[in-house]
Amino acid sequence: MVHDTSAANSINYPEVKNKFMEALLSGSYRPAISLASGLVTREQLKGFYLHVVQPSMYEVGQLWESGEISVTREHAASAIVTRVIAVLQANFSRQQPSKGRAIVTATANEHHELGAWIVADMLELDGWEVRYLGANTPFESLTEMTVRLRPHLLAISVTMPHNVESVRSFIAGLRQQPNIEKTTILVGGMAMNFSPDLWRNIGADGYAPDFESAVAFAEKLWERLPEEKRL
Ligand code: B12
46 MVHDTSAANS INYPEVKNKF MEALLSGSYR PAISLASGLV TREQLKGFYL HVVQPSMYEV
106 GQLWESGEIS VTREHAASAI VTRVIAVLQA NFSRQQPSKG RAIVTATANE HHELGAWIVA
166 DMLELDGWEV RYLGANTPFE SLTEMTVRLR PHLLAISVTM PHNVESVRSF IAGLRQQPNI
226 EKTTILVGGM AMNFSPDLWR NIGADGYAPD FESAVAFAEK LWERLPEEKR L
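When we follow our numbering, the leftmost residue of the sequence shown carries the number 46, and every step to the right adds one.
Have a look at this one:
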């Protein structure tokens, strides 16, 4: 369980991160869930994702790349984080949506979904009505859903650099469709983080390096959206 270390609700993130890493590498999900179960405020949840979950998964990637852990241990760590995210979201109750509609997905052929999932959940906690589609969403059905739902925000996650080109042609194709004038396309994920200007080249409307800035982007978008486009 996460303990507060001061009256100001501050958490010793480096310490929690070490424990979380240990839990991930143990292969058992219970210690990780019990560590996360003490989070009570939205700020703590943000801190946990930003300073514990995300760096832990990056470290798992390094350990796997350098051959220090096997593929199966890396898969087990991802599966544990999947459970943790699901439990955390259920613990934080959602208000009635007060902002617009958002679709959040990992792009086609993209099997990395944890980042997109966190973005989706944090947008939901911020008042967005979110459809989260998970990993590897085919472009055809994403186009169909976007045209049908007319979301104010379409957030696409791209981790693998080889998926960037297809996102560019997807966006170009989507722009030709009817009913998407009010849809803002936000991109993010590791492939975008490598080259923070890439989003412009692929025709997106914005980019955010992590969920916190994604939520801030969405918030600004909603504030600036004229009343007639909020429908
Ligand atoms: C877990 C993992 C997997 C899991 C994913 C499971 C799952 N359910 O998601 C599995 C096993 C499927 C996997 C597969 C592969 N993986 Co992998 N994987 C990882 C690992 C260890 C962690 C990824 C992760 O969860 N990060 C944690 C999240 C929270 O961080 P994030 O994704 O960056 O998200 C944050 C921001 O980027 C941003 N963000 C993310 N999405 C979006 C979207 C929007 C719109 C916005 C605004 C922001 C945003 O906000 C998020 C939260 O703050 C990384 C290591 C790493 N350094 O990332 C390797 C890594 C990404 N994988 C890698 C590789 C090579 C592969 C494989 C090719 C391995 C193989 N030979 O099969 C396959 C490719 C599969 C595919 N086609 O997609 C390499 C990629 C190297 C490269 N750049 O080319 C990495 C970097 C590992 C390494 N060090 O070599 N992988």
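All C-beta atoms, glycine included, are put in the ideal place defined by N, C-alpha and C. Fair warning: this is a prediction, and the values are worked out from it, not measured in the lab.
Practice problem: Out of 171, 106, 133, 205, state which residue places its alpha-carbon closest to the alpha-carbon of residue 123. | Solution: 106
Quiz prompt | In chain order, each alpha helix (DSSP H) run of at least 4 residues that lies wholly inside the segment 46-131 | solution = 58-71, 74-81, 87-93, 99-110
Exercise. Within the same chain, show all residues whose beta-carbon is closer than 7 Å to that of residue 237, passing over the 5 residues directly before and after it, in chain order.
Key: The answer, listed in chain order, is 203, 243, 244, 252.
Self-check item: N- and C-terminal bounds of the beta strand (DSSP E) containing residue 148
Solution: 146-151 is the span of the beta strand (DSSP E), which, as asked, contains residue 148.
Quiz item: Which whole runs of the alpha helix (DSSP H) in the segment 164-242 are 4 residues long or more, in chain order?
Solution: Here the runs fully enclosed are 184-194, 209-220, 235-238.
Quiz item: Does at least one heavy atom of ligand 1 sit under 6 Å from the Cβ of residue 249?
Solution: no
Quiz item: Measuring CA to CA, which of 208, 127, 228, 164 is closest to residue 190?
Solution: By alpha-carbon distance to residue 190, the top candidate from 208, 127, 228, 164 is 228.
Quiz item: Between residue 255 and ligand 1, is the CB less than 6 Å from at least one heavy atom?
Solution: In this structure, residue 255 has its beta carbon less than 6 Å from a heavy atom of ligand 1.
Quiz item: How many Å lie between residue 111 and residue 101 at the Cα?
Solution: Taking the Cα positions, residue 111 is about 15 Å away from residue 101.
Self-check item: Alpha-carbon spacing of residue 63 relative to residue 216, whole angstroms
Solution: Spanning the alpha carbons of residue 63 and residue 216 requires a straight line of approximately 40 Å.
Self-check item: Which listed residue (167, 272, 86, 126) has its alpha carbon closest to that of residue 66
Solution: Cα-wise, what sits closest to residue 66 is 126.
Quiz item: Hey, quick one: how far does the alpha helix (DSSP H) through residue 256 stretch, first residue to last?
Solution: Where residue 256 is concerned, the enclosing alpha helix (DSSP H) stretches over 256-269.
Quiz item: Taking one C-beta from the segment 171-189 and one from the segment 148-162 each time, how about it: are there three or more such pairs within less than 8 Å?
Solution: Taking a contact to require three or more Cβ pairs closer than 8 Å, the segment 171-189 and the segment 148-162 qualify as touching.
Quiz item: Considering only residues of the same chain and omitting the five flanking positions on each side of residue 157, which have a CB-CB separation below 6 Å?
Solution: 204
Quiz prompt | Where residue 251 falls: helix, strand or coil (DSSP) | solution = strand
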